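Residue 249 is where the sequence shown starts when you use this note's numbering, and the numbers rise one by one after that. For reference, the structure is listed below as C-alpha coordinates.
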Amino acid sequence: AKSLRAQKVLKVAPIPWDGTEEGEMHAIERMGPMFVAYRVDAWHTELKSNAQRLAMTSLLSFFEYGTASQLFVGFLILATSLLMALRTQPYLDHDLNNFQVYSYLIECVTLLFGICILSDTDVSSTA
(Lines of atoms letter the chains of each structure in order from A; the text may use other names.)
(Lines give C-alpha, C1' and ligand atoms only; values in the text may rest on other atoms or scores of the structure.)
Protein backbone atom coordinates (compact mmCIF):
# COMPACT_ATOMS: atom_id res chain seq x y z
CA ALA A 249 0.00 0.00 0.00
CA LYS A 250 2.86 2.38 0.75
CA SER A 251 4.40 1.87 -2.69
CA LEU A 252 1.03 2.55 -4.33
CA ARG A 253 0.68 5.72 -2.29
CA ALA A 254 4.21 6.79 -3.25
CA GLN A 255 3.37 6.20 -6.93
CA LYS A 256 0.08 8.08 -6.46
CA VAL A 257 -1.92 5.09 -7.73
CA LEU A 258 -5.47 4.47 -6.62
CA LYS A 259 -6.42 0.78 -6.57
CA VAL A 260 -10.14 0.04 -6.97
CA ALA A 261 -11.63 -3.42 -6.55
CA PRO A 262 -13.59 -4.90 -9.49
CA ILE A 263 -17.15 -3.61 -9.54
CA PRO A 264 -19.91 -6.25 -9.83
CA TRP A 265 -23.29 -5.68 -11.44
CA ASP A 266 -25.47 -4.41 -8.60
CA GLY A 267 -28.83 -4.13 -10.35
CA THR A 268 -30.00 -1.06 -8.41
CA GLU A 269 -31.14 1.00 -11.39
CA GLU A 270 -34.35 0.07 -13.20
CA GLY A 271 -32.67 -0.32 -16.59
CA GLU A 272 -29.88 -2.40 -15.10
CA MET A 273 -32.40 -4.65 -13.29
CA HIS A 274 -34.24 -5.21 -16.56
CA ALA A 275 -30.99 -6.00 -18.39
CA ILE A 276 -29.89 -8.47 -15.69
CA GLU A 277 -33.27 -10.21 -15.81
CA ARG A 278 -33.07 -10.64 -19.58
CA MET A 279 -29.34 -11.11 -20.25
CA GLY A 280 -27.85 -11.51 -16.79
CA PRO A 281 -26.47 -15.03 -17.03
CA MET A 282 -24.19 -13.90 -19.87
CA PHE A 283 -22.79 -10.84 -18.11
CA VAL A 284 -22.94 -11.12 -14.31
CA ALA A 285 -19.70 -13.14 -14.11
CA TYR A 286 -17.77 -10.30 -15.82
CA ARG A 287 -16.48 -7.06 -14.41
CA VAL A 288 -18.62 -4.09 -15.41
CA ASP A 289 -15.88 -2.63 -17.59
CA ALA A 290 -15.46 -5.99 -19.39
CA TRP A 291 -19.05 -6.34 -20.64
CA HIS A 292 -17.81 -6.82 -24.22
CA THR A 293 -15.90 -10.01 -23.36
CA GLU A 294 -18.82 -12.25 -24.29
CA LEU A 295 -18.94 -10.63 -27.73
CA LYS A 296 -15.20 -11.24 -28.18
CA SER A 297 -15.65 -14.83 -27.06
CA ASN A 298 -18.43 -15.37 -29.60
CA ALA A 299 -16.28 -13.86 -32.35
CA GLN A 300 -13.46 -16.22 -31.41
CA ARG A 301 -15.84 -19.21 -31.56
CA LEU A 302 -17.10 -18.06 -34.95
CA ALA A 303 -13.55 -17.79 -36.26
CA MET A 304 -12.62 -21.24 -34.92
CA THR A 305 -15.71 -23.02 -36.24
CA SER A 306 -16.53 -21.40 -39.55
CA LEU A 307 -13.82 -19.06 -40.81
CA LEU A 308 -11.14 -21.66 -40.20
CA SER A 309 -12.84 -24.02 -42.67
CA PHE A 310 -11.87 -21.70 -45.54
CA PHE A 311 -8.18 -22.51 -45.06
CA GLU A 312 -6.52 -25.60 -46.50
CA TYR A 313 -8.49 -28.38 -44.81
CA GLY A 314 -6.47 -30.91 -42.83
CA THR A 315 -3.12 -29.17 -43.22
CA ALA A 316 -0.65 -27.75 -40.76
CA SER A 317 -1.39 -24.25 -42.07
CA GLN A 318 -5.04 -24.60 -41.03
CA LEU A 319 -3.94 -25.66 -37.56
CA PHE A 320 -1.47 -22.78 -37.45
CA VAL A 321 -4.22 -20.25 -38.18
CA GLY A 322 -6.30 -21.82 -35.41
CA PHE A 323 -3.29 -21.60 -33.12
CA LEU A 324 -2.91 -17.89 -33.92
CA ILE A 325 -6.59 -17.27 -33.11
CA LEU A 326 -6.29 -19.12 -29.80
CA ALA A 327 -2.95 -17.50 -28.91
CA THR A 328 -4.52 -14.08 -29.48
CA SER A 329 -7.45 -15.05 -27.26
CA LEU A 330 -5.03 -16.33 -24.62
CA LEU A 331 -3.07 -13.06 -24.61
CA MET A 332 -6.28 -11.02 -24.40
CA ALA A 333 -7.51 -13.14 -21.47
CA LEU A 334 -4.18 -12.69 -19.67
CA ARG A 335 -4.21 -8.95 -20.29
CA THR A 336 -7.81 -8.13 -19.42
CA GLN A 337 -8.73 -10.66 -16.69
CA PRO A 338 -12.44 -10.09 -17.46
CA TYR A 339 -14.07 -12.19 -14.73
CA LEU A 340 -14.86 -11.02 -11.21
CA ASP A 341 -13.75 -14.38 -9.83
CA HIS A 342 -10.00 -15.00 -10.05
CA ASP A 343 -10.58 -18.76 -10.45
CA LEU A 344 -12.70 -18.18 -13.57
CA ASN A 345 -9.89 -16.08 -15.06
CA ASN A 346 -7.42 -18.88 -14.33
CA PHE A 347 -9.77 -21.49 -15.79
CA GLN A 348 -10.10 -19.50 -19.03
CA VAL A 349 -6.33 -19.02 -19.33
CA TYR A 350 -5.63 -22.70 -18.67
CA SER A 351 -8.25 -23.84 -21.18
CA TYR A 352 -6.79 -21.59 -23.89
CA LEU A 353 -3.31 -22.85 -23.01
CA ILE A 354 -4.40 -26.50 -23.33
CA GLU A 355 -6.06 -25.78 -26.68
CA CYS A 356 -2.88 -24.07 -27.94
CA VAL A 357 -0.73 -27.02 -26.86
CA THR A 358 -3.15 -29.43 -28.55
CA LEU A 359 -2.96 -27.50 -31.83
CA LEU A 360 0.84 -27.32 -31.60
CA PHE A 361 0.94 -31.09 -31.15
CA GLY A 362 -1.31 -31.47 -34.21
CA ILE A 363 0.97 -29.17 -36.21
CA CYS A 364 3.97 -31.30 -35.21
CA ILE A 365 2.19 -34.52 -36.26
CA LEU A 366 1.05 -33.10 -39.62
CA SER A 367 4.44 -31.56 -40.32
CA ASP A 368 6.16 -34.86 -39.51
CA THR A 369 3.84 -36.83 -41.83
CA ASP A 370 4.37 -34.24 -44.60
CA VAL A 371 8.15 -34.57 -44.29
CA SER A 372 8.10 -38.38 -44.20
CA SER A 373 5.70 -38.67 -47.17
CA THR A 374 7.89 -36.45 -49.37
CA ALA A 375 11.10 -38.28 -48.46
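Ideal Cβ positions, reconstructed from N, Cα and C, are used throughout, including at glycine. The structure presented is a predicted model; accordingly, all values stated were derived computationally and were not measured.
Going by DSSP, which residues form a beta bridge with residue i?
i: Y339; result: Y286
Does the distance from the CB of residue i to the CB of residue j come in under 9 Å?
i: P338; j: A275; result: no
i: Y352; j: S329; result: yes
i: T268; j: T336; result: no
i: L302; j: G362; result: no
i: D341; j: A299; result: no
Let's test the definition: count the other Cβ atoms within 10 Å of the Cβ of residue i and tell me whether it reaches 16, buried, or not, exposed.
i: I325; result: buried
i: Q255; result: exposed
i: L359; result: buried
Who are the Cβ neighbours of residue i in its own chain at under 7 Å, not counting the five residues just before and after it?
i: T315; result: L366
i: V321; result: L308, F311
i: A327; result: C356
Between residue i and residue j, what straight-line distance do the alpha-carbon atoms span, to the nearest angstrom?
i: R287; j: L331; result: 18 Å
In its own chain, which residues sit with a C-beta less than 8 Å from the C-beta of residue i, not counting the 5 before and 5 after it?
i: F323; result: C356, L359, L360, I363
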